[in-house]
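Chains as they are written, first to last, in the numbering used here: chain A, 32 to 580; chain B, 32 to 580.
Right, dumping it as structure tokens:
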């Protein structure tokens, strides 16, 4: 028997219009490149999104069409999210820092019909246009110099249109269509460090359920009174869904544009009274370094959510002990919208000594309701939840992908529909997941598995180390040898032997690096993750003259 | 185009098993009548619910069947919620304080096949059995004296089974079935003060979306670290959905059984370190009176959610100023699962003087995402959101009823599917709804509308007044005259002329009561609401000898 409740679909247009109606004057702040700070609100965002939706329709965008973005996190990018999804089209966020061929490949596979690009990324838009189906490029900011066209593949060209002029010609009235909540709303390709990039297709339903979960007190804990800064860019899993969660709560939303390095982040956080900020560890390395070097403090910032890569315990200690900012370490992935788990300590952990508490917080945490998690051994058998036994993490839930867009490759889903994440980890008695490594980043030395995350986290306890990457390099005798690459903190004199002594004192014998190399920087993806595949290729033939291990 | 997200239904069994897996040892405390305090947890609740589900199946309960409860808020009642819904059956909570005929009518219309009853309500269970379809009564607590049968309508009888013995014989293993999330999960009849009681049929989807909304920071704000006391009984819109929201957050859940008067509430809150409590104003009148008379304070209690009837401003002041407890005033109804709005002040209200802030908090508040609200005049035209223009409140959303169970009466839904609440109110520029009255409680004196809520709230500012009810009584000349019934605070000497002077000083001329009468108590429904229909019948012929007005 079915219940007698209204069949109201969960739609992103409903989310936007709710905020416009109930939180209409709550501010949305944006820092576009080379422009003054923009101060709008939910009411204005809804009105401008309606204009944009009318403009998109005028440009021939229909329900189901993909429109691409190559842009930083700004109010205009947010308007594209809502306008495209609102008319049943799909906002396809492309990472502008991908190679031109990857952009062309992705835009071609997605069959994007429009591209919205920051002035800084019009070159990348050209790559997307070469993909084939793009009918026009809309430039989000700045002036258009020279011919207002972008060259296309066939020797022709497509028009280059200025965003604000496009909006100016439209009415801000629109009755959003109603449709199935399972309709696609967003498309995001995984970074594709292994094999080709693959598209994850979010639905209205998945985005809204995810927004509810993100806003919960024990997750991001977003209230109307908060000022939320998503420092994860909008092309990185749609800023982790934070813009939607902020809209749901009616929180003040601060979109940082390209201002993501330490000094700029500190400036925006201080100027806007940000209370909650979210981003990858490398961003926070920059912020912490900046705060230390300047002595600046961020009294309004209550909470930092760290995700996208493992948060080293030293970062948790720095935020909490030095700066009085709570850290919540979260885990997820593009295929999970991205939220999977968050390491919010439980009531019973209230009395934990600081060190044990930090150790707990350095785990990836517990699944929020909506995400089911299991760990399995290689034979697919469940691994005990004892905090020690390692297995591959599998997930299931309404905001987990059921497959990839137009992808016929053998799936990463098992017979029961669970998604195999490629992450290895443990689950303890309290349900805290601890990711020990990506399956592909795990190193096998003399028959023993080494967790690259464990080695990197230890290295980063040394204040002289700013960044670290542990990789396996092929070795005839041992299978793989462990190479630790470290970026020294500015002004520090890194001594490799000191670091090696630390590793020897704290790591299992087989986890001690065979060699430690100081480097000026590590190659990172557009989302700030260290590209270990690049490092592995680069150091494949690196044999230590004198083995340190 | 549909998204590529997993088709995972939102099911209450999934909610329970999530909590069992992630918050397994988080406590569920229950105070059954005449029994020691029960201390279980989510793990144990899941195990016992599985046992109970097996027992229900053994008793012939199938998917779609209704099982009734006549019980206080206890762990066993919670197990029935989860067990029935988990197997696709429907938990039908019957208010034990209804008249026997109403219970028989409701049980007959619902065709309940089982009745679960507290020992104290076995008499009411007999009424349900007379309804016709009940195959057995399960007694939740106490011993069974005499023959273990309950008389049935046809001169026969049905067995009376002891709950714990029923569970003891069952395995705690069960693979919950998966089904459409729109499947019915709970049935609750409206109190039926006007006309026949009508059943509202909640679905798994509606309950889970509602739980997400309830747990949000600006609504109940439930985190794992909280200890939540739903003082709204489980037969009152399933304790306002709080048990589900607490399960979603993994919060400690304190079920008070019959302990709902001031002293008992204070005792439970203090003993269990309750941080959030939820209930109707009359309960809080009792608690405040108890705290004042004993000098006891409740340092752990951070927040009280007041709903079910208008919260007088004096109650907000008492909680916040005297006891340091935040009040959040909520509005909803059985047909809305029940959450509609909540009066959580906005960031911009931070600087409001205390009195203005209290006035704001005394409004019913803003809709949570998921609830759409409009107010309309009698011709169905939208009324401006100016905080002054009054209209009927209409609502729409995934946890608002689309109709009543087996009810062919002309609906309370308009052509566009909006549900007409029967409440009259205003909406201000910030979206705060203010309910001025129930349509049927509004009084028309000499062509002017009088808000009974306004008069009652003012009366309750007088410390000598514990409860107040303003009703219209028929009058040939004026249409209706306003009668104010007041229950004096214990030990106080109520002076009617003083109260009248207060009304004259603060109310519009036509809103001043024609007569004020002191009474020992007011008739209240089982959910603690004053039964104005009873009062109107009782005082219909009450003509003031000397008109005070």
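We treat Cβ as the ideally placed atom computed from N, Cα and C, and that holds for glycine.
Remember, predicted model here, so these are calculated numbers, not experimental data.
### Query
Counting Cβ pairs closer than 8 Å, one from the region 331 to 339 of chain A and one from the region 301 to 320 of chain A, do we hit at least three?
The answer is yes - the region 301 to 320 of chain A touches the region 331 to 339 of chain A, with three or more Cβ pairs under 8 Å.
### Query
When you compare only the Cα positions, how much space is there between residue 71(B) and residue 59(B)?
Position 40 of the second chain, counted from the start, is the residue given in the question as residue 71(B). Position 28 of the second chain, counted from the start, is the residue given in the question as residue 59(B). Each residue's alpha carbon lies about 5 Å from the other.
### Query
If you run the structure through DSSP and keep just helix, strand and coil, what is residue 497(B)?
The sequence position of residue 497(B) within the second chain is 466, counting from 1. Looking at residue 497(B) - three-state DSSP - the assignment turns out to be strand.
### Task
Could you tell me whether any Cβ in chain B is nearer than 8 Å to the Cβ of residue 440(A)?
Taking the first residue of the first chain as 1, we reach residue 440(A) at position 409. With 8 Å as the cut-off, residue 440(A) does not count as an interface residue toward chain B.
### Residue nearest to residue 47(A) in terms of C-alpha spacing, selected from 112(A), 35(A), 99(A), 36(A)
Along the first chain, one-based indexing puts residue 47(A) at 16. That would be 112(A), whose Cα lies nearest to the Cα of residue 47(A).
### Query
Name the chain A residues that come within less than 9 Å of residue 121(B), Cβ to Cβ?
Mapped onto the second chain, residue 121(B) falls at position 90. Here the neighbours are 32, 34.
### Query
Going along the chain, which residues of its own chain have a beta-carbon closer than 8 Å to the beta-carbon of residue 160(B), five neighbours each way excluded?
Along the second chain, read from residue 1 onward, the residue named residue 160(B) stands at position 129. Sequence-distant partners of residue 160(B) (beyond 5 residues in either direction) whose C-beta falls short of 8 Å from its own C-beta, in its chain, are 138, 146, 168, 181, 182, 183, 184, 189.
### Task
Between the Cα of residue 117(A) and those of 126(A), 97(A), 250(A), 298(A), spot the shortest distance and give me the residue it belongs to.
To locate residue 117(A), count along the first chain from 1; it is residue 86. Comparing alpha carbon positions, the residue from 126(A), 97(A), 250(A), 298(A) closest to residue 117(A) is 97(A).
### Message
Determine, for residue 85(B), whether the minimum Cβ-Cβ distance to residues of chain A falls below 8 Å.
### Response
As a first step, residue 85(B) is located in the second chain; it is residue number 54 there, counting from the start. Output row for residue 85(B): interface = no.
### Query
What are the residues of the region 416 to 431 of chain B that lie near chain A, defined by any Cβ-Cβ distance shorter than 8 Å?
From the region 416 to 431 of chain B, only 427, 428, 429, 430, 431 have a Cβ closer than 8 Å to chain A.
### Query
Under 8 Å, do residue 456(A) and residue 467(A) count as touching if we go by C-beta distance?
Here residue 456(A) is taken as the residue at index 425 of the first chain, counted from 1. Here residue 467(A) is taken as the residue at index 436 of the first chain, counted from 1. It is a contact, given that the beta carbons lie within the stated cut-off.
### Query
Under three-state DSSP, which class holds residue 220(A)?
Indexing the first chain from 1 puts residue 220(A) at position 189. Reduced to three states, the DSSP call for residue 220(A) is strand.
### Message
In whole angstroms, give me the CA-to-CA distance for residue 531(B) and residue 45(A).
### Response
Residue mapping note: residue 531(B) aligns to position 500 of the second chain, counting from 1. Residue mapping note: residue 45(A) aligns to position 14 of the first chain, counting from 1. The C-alpha of residue 531(B) lies about 48 Å from the C-alpha of residue 45(A).
### Message
Please identify the residue among 425(B), 218(B), 230(B), 513(B) whose C-alpha is closest to the C-alpha of residue 123(B).
### Response
In the second chain, the residue the question calls residue 123(B) occupies position 92. Shortest Cα-Cα distance from residue 123(B) to any of 425(B), 218(B), 230(B), 513(B) involves 218(B).
### Query
Does any CB atom of chain B fall closer than 8 Å to the CB of residue 253(A)?
The residue labelled residue 253(A) in the question sits at position 222 within the first chain. Output row for residue 253(A): interface = yes.
#### Entry: Bridge partners - residue 379(A), DSSP secondary structure assignment
Against the first chain, residue 379(A) aligns to sequence position 348. In the DSSP assignment, residue 379(A) forms no beta bridge with any residue.
### Query
When the Cα of residue 229(B) is compared with those of 525(A), 285(A), 534(A), 35(A), which residue comes out closest?
Residue mapping note: residue 229(B) aligns to position 198 of the second chain, counting from 1. Per the Cα distances, 35(A).
### Query
Would residue 497(B) pass as a contact of residue 320(B) if the rule is Cβ separation under 8 Å?
Along the second chain, one-based indexing puts residue 497(B) at 466. Along the second chain, one-based indexing puts residue 320(B) at 289. Taking 8 Å as the cut-off, the Cβ atoms of residue 497(B) and residue 320(B) count as close.
### Message
Suppose you measure from the CA of residue 578(B) to the CA of residue 109(B); what does that come to, to the nearest Å?
### Response
Taking the second chain and counting its residues from 1, one reaches residue 578(B) at position 547. Taking the second chain and counting its residues from 1, one reaches residue 109(B) at position 78. Its pLDDT being 43, under 50, residue 578(B) is placed unreliably in this model, and the value from its coordinates should be taken loosely. About 52 Å.
### Message
Tell me which residue opens and which closes the alpha helix (DSSP H) that residue 80(B) is part of.
### Response
As a working mapping, residue 80(B) is identified with position 49 in the second chain. If you look at residue 80(B), you'll find it in the alpha helix (DSSP H) that goes 73 to 89.
### Query
Can you check whether the CB of residue 336(A) is closer than 8 Å to the CB of residue 393(A)?
Taking the first residue of the first chain as position 1, residue 393(A) is located at position 362. Taking the first residue of the first chain as position 1, residue 336(A) is located at position 305. For residue 393(A) and residue 336(A), no; Cβs fall outside 8 Å.
### Query
Are the C-beta atoms of residue 232(B) and some chain A residue less than 8 Å apart?
For this step, residue 232(B) is matched to residue 201 along the second chain. Judged by the 8 Å Cβ criterion, residue 232(B) is in contact with chain A.
### Task
Could you check how far apart the C-beta atoms of residue 407(A) and residue 422(A) are, in whole angstroms? I think they sit under 8 Å.
Mapped onto the first chain, residue 407(A) falls at position 376. Mapped onto the first chain, residue 422(A) falls at position 391. In this structure residue 407(A) touches residue 422(A) by the C-beta definition: roughly 5 Å separates them, less than 8 Å.
### Message
Just checking: is the beta-carbon of residue 53(B) within a distance shorter than 8 Å of some beta-carbon in chain A?
### Response
If you number the second chain from 1, residue 53(B) lands on position 22. A Cβ of chain A is located within less than 8 Å of the beta carbon of residue 53(B).
### Task
Taking C-beta pairs closer than 8 Å, name the residues in chain A that residue 433(B) reaches, listed in chain order.
Looking up residue 433(B) in the second chain gives position 402. Per Cβ cutoff of 8 Å: 35, 36, 37, 38.
### Proximal residues of chain A, C-beta to C-beta of residue 377(B) below 7 Å
Against the second chain, residue 377(B) aligns to sequence position 346. The answer, in chain order, is 255.
### Query
For residue 581(A), does the three-state DSSP call read helix, strand or coil?
Absent from the model: residue 581(A). The displayed extent of chain A is 32 to 580, so no value can be given.
### Message
Quick test of your reading: residue 459(A) and residue 416(A), contact by CB under 8 Å. State the CB separation rounded to the nearest angstrom.
### Response
Numbered from 1 along the first chain, position 428 holds the residue referred to as residue 459(A). Numbered from 1 along the first chain, position 385 holds the residue referred to as residue 416(A). Yes, residue 459(A) and residue 416(A) are in contact; Cβ-Cβ is about 7 Å, under 8 Å.
### Task
Quick one: list the residues of chain B neighbouring residue 436(A), beta-carbon separation under 9 Å, in chain order.
Here residue 436(A) refers to the residue found at position 405 of the first chain. By Cβ distance, chain B contributes 35.
### Message
If you follow the alpha helix (DSSP H) that residue 602(A) is in, where does it begin and where does it stop?
### Response
Because chain A is modelled from 32 through 580, residue 602(A) falls outside the range shown and cannot be assessed.
### Task
Give a yes or no on whether 8 Å exceeds the smallest Cβ distance from residue 214(B) to chain A.
Here residue 214(B) refers to the residue found at position 183 of the second chain. Residue 214(B) counts as touching chain A.
#### Entry: Outcome for residue 176(B) when other beta-carbon atoms lying within 10 angstroms are tallied against a minimum of 16
Position 145 of the second chain, counted from the first residue, corresponds to residue 176(B). By the neighbour-count rule (16 or more Cβ atoms within 10 Å), residue 176(B) is not buried but exposed.
### Task
Taking only beta-carbon positions, decide if residue 243(A) is within less than 8 Å of chain B.
For the purposes of this step, residue 243(A) is taken as residue 212 along the first chain, with counting starting at 1. At a cut-off of 8 Å between beta-carbon atoms, residue 243(A) makes contact with chain B.
### Query
Can you list, in chain order, the residues of the region 384 to 406 of chain A whose Cβ is nearer than 7 Å to any Cβ on chain B?
When CB distances to chain B are screened at a threshold of 7 Å, the residues of the region 384 to 406 of chain A falling below it are 397, 398, 400, in chain order.
### Task
Would you list, in sequence order, the uninterrupted beta strand (DSSP E) runs of no fewer than 3 residues that lie entirely inside the region 198 to 256 of chain B?
Runs found: 215 to 220, 230 to 234.
### Query
For residue 313(A), which three-state DSSP category applies?
As a position in the first chain, residue 313(A) is number 282, starting the count at 1. DSSP places residue 313(A) in helix when its eight states are reduced to three.
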